[in-house]
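K.L.:
Numbering (the UniProt record's numbering), first residue to last: 1 to 372. The beta-carbon is built from N, C-alpha and C at its ideal position, and this holds for glycine as well. Following this message is one structure expressed as structure tokens.
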Ligand code: FAD
């Protein structure tokens, strides 16, 4: 019998598995297509400061805690797995094109400062000195020097390798239902009929976590899919030195550069259920806004377009910890920050699984906040 079976092998399930193995637990991860859903589509920005939103101060602190863990997390992961994760800590530049956009950036700067986060305001010329490909019309910007990025595809490949190296079991099969005995989760039944028994079950199946069979309604997480389309481009020569996020007449777009020349342009945010169709309008909007900020993007090679489903929650924050069903823990609802939040989630869930106690940093995100 395992100590833990994890339903879902995206970045959240895998980070939880790796950290739990490090605590000496026996772990199985069940997923028909590990690391192929939102975690494969994501841009990989690690930008809690740049993405700060009114009303999400608690989430900011979780994001900062996770961002601060990133350098040590990837260093250890790269050593265990022997794989590069594409981690970069070269900052994020937010830029504005017109006076309304600039006013919004000013508000964001004041909000950041009110929370004790120092912000560096730049003129348009200073922005172009940092990023020479920016349009001459860029009016000004805000630099978040510690907001970086990681390549989620490399990160999850490294996590998969690390899980296997530490003796975790990966079952490439869908979980058909959670098994219960005497009102407690005791394992899962796979699609093919096999049973994996475990002392504790972790539900980390992204937006699909909302309808796993065998779980009483009150214990299922209130998550929903939020579609995002992302374009991938490639540059043969250096194009950007860091992440650039932009407000283009009120609508936001970002570009994330990788060391190998890839540039990820994202992302739309659409309430379309489980639809993952790529649309002409979505691609057009992304490229239109990206071109306003960086006219040279139209010269780059177009390599990929893809849509993924963020696991959205009612307050945009994750659900971490015990559910209403004893033995079933939740690690989902990370919405637009699951890659950022992977280190702190993995660590917190492993601590909870190993000791029964949730670390302070993750306590505000208990699923109990949604239970009547
Ligand atoms: P997923 O990666 O979706 O994994 C869930 C897994 O569960 C899947 O592998 C699926 O196969 C499996 N599963 C489902 N049902 C079952 C079942 N019954 N049995 C077994 N397995 C099952 N985050 C950031 O931090 N920075 C970003 O820049 C960023 N950009 C994004 C851009 C886009 C367009 C999108 C869509 C997301 C972005 N995100 C970003 C958000 C991030 O991708 C998610 O928060 C994160 O990937 C969630 O991870 P997860 O493991 O919960 O979900």
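Evaluate the contact criterion for the stretch 264 to 279 versus the stretch 110 to 117: three or more CB pairs, one atom per stretch, below 8 Å.
P.N.:
Flag = no, the stretch 264 to 279 and the stretch 110 to 117 do not touch.
K.L.:
Hey, is the stretch 39 to 46 in contact with the stretch 327 to 343, meaning 3+ C-beta pairs nearer than 8 Å?
P.N.:
Contact holds: three or more Cβ-Cβ distances are below 8 Å.
K.L.:
Report the rounded CA-to-CA distance for residue 292 versus residue 135, giving the unit in angstroms.
P.N.:
If I take the Cα positions, the gap works out to 7 Å.
K.L.:
Tell me, please, which residues DSSP counts as bridged to residue 96.
P.N.:
For residue 96, which the question treats as bridged, DSSP gives the partners 140, 247.
K.L.:
What residues in its chain sit with their C-beta under 8 Å from that of residue 247, if we drop five residues either side in the sequence?
P.N.:
Around residue 247: 94, 95, 96, 97, 101, 104, 105.
K.L.:
May I ask you to report which of helix, strand or coil DSSP gives residue 27?
P.N.:
Three-state result, residue 27: strand.
K.L.:
For the beta strand (DSSP E) containing residue 12, name the first residue and the last one.
P.N.:
Looking at the DSSP string, residue 12 is not in any beta strand (DSSP E); the run it does join, the alpha helix (DSSP H), is 11 to 22.
K.L.:
What is the DSSP secondary structure of residue 413, reduced to helix, strand or coil?
P.N.:
Outside the shown range of the chain, which is 1 to 372, sits residue 413, and nothing can be said about it.
K.L.:
First and last residue of the alpha helix (DSSP H) that includes residue 289?
P.N.:
Residues 280 to 293.
K.L.:
Which residue spans inside the stretch 99 to 154 form an unbroken beta strand (DSSP E) run of at least 3?
P.N.:
Correct list: 120 to 123, 140 to 144.
K.L.:
Cβ of residue 1 versus every heavy atom of the ligand FAD: is any distance shorter than 6 Å?
P.N.:
Checking the Cβ of residue 1 against the ligand FAD gives no.
K.L.:
So the beta strand (DSSP E) residue 334 belongs to, where does it begin and stop?
P.N.:
That residue, residue 334, is in no beta strand (DSSP E); it is neither H nor E in DSSP.
K.L.:
Keeping to the same chain, check which residues put their C-beta closer than 6 Å to that of residue 55; ignore five residues upstream and five downstream.
P.N.:
Around residue 55: no qualifying Cβ.
K.L.:
In angstroms with no decimal places, state the Cα-to-Cα distance between residue 190 and residue 210.
P.N.:
Cα to Cα, residue 190 sits roughly 17 Å from residue 210.
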